[in-house]
Amino acid sequence: MSTYRDNLARPLPQAEPAPSYQPSKQPVRSPQQKAEAKDKLKWLFTVVFCLGIIISLAGRYAHMVGLNYQLEQQRSQLQAMKDQQLKLEQQVLQMESADRIKSVAANQLGMKPVQDNKMVIVQQQQGSKQ
1 MSTYRDNLAR
11 PLPQAEPAPS
21 YQPSKQPVRS
31 PQQKAEAKDK
41 LKWLFTVVFC
51 LGIIISLAGR
61 YAHMVGLNYQ
71 LEQQRSQLQA
81 MKDQQLKLEQ
91 QVLQMESADR
101 IKSVAANQLG
111 MKPVQDNKMV
121 IVQQQQGSKQ
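For the sequence shown, full-length UniProt numbering gives the first residue as 1, with consecutive numbering after it.
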């Protein structure tokens, strides 16, 4: 028995021999059991494949629904902008009308119509460039 000597001098624990490990033998399967296992595995792969296809199709359908929703939003925005454009065009036509311009000139700016005898027409000379 060996001891480790330090101030307490106690004995070292003895190493136990490692147990001999022998793997247990797998039971022998019959060819019928092997065929059944292959069939089950084929069915499992088939089901997983079909589920993958179904999930993929559902994802694509959800994406199409989202795109359709965005398309409808864009169409409604386009229609609103067209309506606004028509209103603005009508407003421009109203602002450009000669009657409105005469009314604003007379009422707000205090202008008076020009009399024919007080009108002066200035013509540009052919030699001068401006």
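No residue lacks a Cβ here, since even glycine has one placed at the ideal position from N, Cα and C.
With a cut-off of 8 angstroms on the beta carbons, I'd call residue i and residue j a contact; round off their distance for me.
i	j	result
Q94	R100	7 angstroms
Using DSSP with H/G/I as helix, E/B as strand and the rest coil, what is residue i?
i	result
A15	coil
S24	coil
V122	coil
K112	coil
May I ask which residues mark the beginning and end of the alpha helix (DSSP H) holding residue i?
i	result
R60	P31 to E96
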